[in-house]
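First the structure, in the form of structure tokens, and then the observations on it.
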Amino acid sequence: MPDQLVNRRPEVPASRLIAEMVPPPRFGQVSFDSYIPDPAQPSQRHAVATLDAFAQTVAPAQRGRRRWFGLRPGASAGGTADETRPGVYLDGGFGVGKTHLLASLWHAADVPAEQKTFCTFVELTNLVGALGFGSTVQALSERRLVCIDEFELDDPGDTVLISTLLTRLVEAGVKLAATSNTLPDKLGEGRFAAEDFLREIQALSARFAVLRIDGEDYRHRGLPDAPPPLSDDEVTRLADDGLGRVADGGHERLADERPSGTGTATLDDFDALCAHLATVHPSRYGPMLDGVSRVHLRGVRTIDDQNVALRLVVLADRLYDRDVPVVSSGVPLDRLFTDDLLKGGYRKKYFRAVSRLVALARDGGDTARP
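Residue numbering for the sequence shown follows numbering that gives the first Met the number 0, beginning at 0 and increasing consecutively.
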């Protein structure tokens, strides 16, 4: 009988939260050299060069200085560097390689791992909840570099909290780097009354120099569409026997022979999983996937509830981080969210989730049919 995600309710101690703030497995070995810029997008080559130079400034000798490497606001291809900002903010659409570049920066910074942190925005806010604000400031102030992936402001509380936190870190001389699909001065737009928190948003924006990265979604550049969903019976069979053939570098091999496939397969009904996600804090979705090699979902349907949709976004991100293939029945994964959601304030999150899930479905989607 396959394992089920709905039976997993991980408890994560604060010590693990801090220890695991490193690039996730998918980005555990990346570098600036392994990032392949699109020849048609000079901003991508510029980003590599700029971040490589930024990495060279992250060193113990810099602590206590009040001048930092940065970019002029709005710098892009052909821009020049100065030392006016404490951090760099990678802005661009989904699938242009922002997380790859952020992880490459973390790896390139020549300081011990315990002096640099890599986390998602959700993980950062959860750390504050687990440790308390003062303890979080103390712990992160000892870092030389803090990288924040998927930087988003979903509510006013996050805006004030993160603005104050980053201010304290900057005062301690910590370098900052972040990725987002939204320009810093537009954070929160369409989600809450951002104009009421303009001071905090402007303060956040002032911490970063913006590095724009243009391009199309590399996950689907020249690749076929996601495979059509299987039937419920096929999904169940594949979860039961752990077999089936998946695409891997242009070749087919048994799913449990893939390098990332050491672990257990899970099988869940989609609605039951959605209900379960509501009972688990999003920061624990990653630990919920510990040891999982492939996820099987029966009865995927289009979601019109924003709360459910946002939880699925976080799950999609954690599946992608861990390179866990997805096999599903029901509607195709590119129809996971309604048109209304895809037009709303969180549309960039939803498009990113669809992009990542389609990539994972492709990993598990060339499954041999009987």
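By construction, the Cβ of each residue, glycine as well, lies at the ideal position given by its N, Cα and C atoms.
Status (buried if at least 16 other CB within 10 Å, exposed otherwise) for Met0:
Counting Cβ neighbours within 10 Å, Met0 comes out exposed, since fewer than 16 surround it.
Rounded C-beta distance between Arg283 and Pro9? I'm assuming under 8 Å.
Correct: roughly 5 Å between the Cβ atoms.
Rounded to whole angstroms, what's the CA-CA distance from Ala208 to Lys97? Just pull it up for me.
Distance between the alpha carbons of Ala208 and Lys97 is about 15 Å.
Presumed contact (8 Å Cβ cut-off) between Thr166 and Leu139, rounded CB distance:
So it is not a contact: roughly 12 Å between Cβ atoms.
Relative to the C-alpha of Ala358, which residue among Lys347, Lys348, Gly344, Tyr319 is closest?
Checking every option, the nearest Cα to that of Ala358 belongs to Tyr319.
Excluding the 5 residues preceding and the 5 following Val323 in the sequence, name in chain order all residues of the same chain whose CB lies nearer than 8 Å to its CB.
Leaving aside the five residues that flank Val323 on each side, the residues in its chain whose CB is nearer than 8 Å to its CB run, in chain order, Ser259, Leu288, Val291, Ser292, Arg293, Val294, Leu359.
Spatial neighbours of Val330 within its chain, please: CB distance less than 8 Å, with the 5 preceding and 5 following residues excluded, ordered by chain position.
Closer than 8 Å at Cβ, skipping near neighbours: Pro228, Val299, Arg300, Thr301.
Residue from Ser14, Asp333, Arg297 whose Cα sits closest to the Cα of Val312:
When only C-alpha atoms are compared, the closest one is Asp333.
Round the Cβ separation of Val57 and Lys174 to the nearest angstrom and send it over; I've been treating them as touching at under 8 Å.
Correct: roughly 5 Å between the Cβ atoms.
Beta strand (DSSP E) containing His295: first to last residue?
Following the DSSP letters along the chain, one finds His295 inside the beta strand (DSSP E) bounded by residues 291-299.
What's the call for Pro85, buried or exposed, on a 16-neighbour Cβ count within 10 Å?
Burial check for Pro85: the Cβ neighbour count within 10 Å reaches 16 or more, so the residue is buried.
Using 8 Å as the cut-off, can you tell me whether the region 17-31 makes contact with the region 104-113, which would need three or more C-beta pairs spanning the two stretches below that distance?
The count of Cβ pairs closer than 8 Å, one atom from the region 17-31 and one from the region 104-113, reaches three, so the stretches are in contact.
Buried/exposed call for Arg15, threshold 16 Cβ in 10 Å
Result: exposed.
Cβ neighbour criterion (16 or more within 10 Å) applied to Asn125
Burial call: buried.
Distance CB(Ser230)-CB(Leu89) smaller than 9 Å
Result no, Cβ atoms of Ser230 and Leu89 do not sit closer than 9 Å.
Collapsed DSSP secondary structure at Ile35 in the structure displayed
Correct three-state label for Ile35: coil.
With which residues is Ile161 paired in a DSSP beta bridge?
Ile161 is bridged by DSSP to nothing; it lacks a bridge partner.
Residues near Asp37 by beta carbon distance below 7 Å, same chain, minus five either side:
Excluding positions up to five away in sequence, the list reads Gln43, Gly214.
Start and end of the alpha helix (DSSP H) containing Val284?
Reading off the sequence, residue 284 comes out as Tyr, not Val. Here the alpha helix (DSSP H) through Tyr284 covers 284-287.
Measure how close the beta-carbons of Asp270 and Leu296 come, nearest whole angstrom, since I'm counting them as under 8 Å.
The pair is not a contact, with the Cβ atoms about 10 Å apart (cut-off 8 Å).
Leaving out five residues on either side along the sequence, give the residues of the same chain with a beta carbon under 8 Å from the beta carbon of Leu326.
Position check: residue 326 holds Val in this sequence, whereas Leu was assumed. Once the five neighbours on either side are set aside, the close Cβ partners of Val326 are Leu229, Val234, Leu237, Ala238, Gly243, Arg293, Val294, His295, Leu296, Ala360, Gly363, Gly364, Thr366.
Helix, strand or coil for Ile212, going by three-state DSSP, please let me know.
In this structure, Ile212 counts as coil in the three-state DSSP scheme.
If I follow the unbroken alpha helix (DSSP H) through Ala171, where does it start and stop?
Premise fails: Ala171 is in no alpha helix (DSSP H) and is neither H nor E.
Expressed to the nearest angstrom, what Euclidean distance is found between the alpha-carbon atoms of Pro281 and Leu314?
Approximately 8 Å, taken between the alpha carbons.
Quick one: is Ala74 buried, meaning 16 or more other Cβ sit within 10 Å of its Cβ, or exposed?
With a pLDDT of 41 at Ala74, under the threshold of 50, the predicted position of this residue should be treated as unreliable, and no value is reported.
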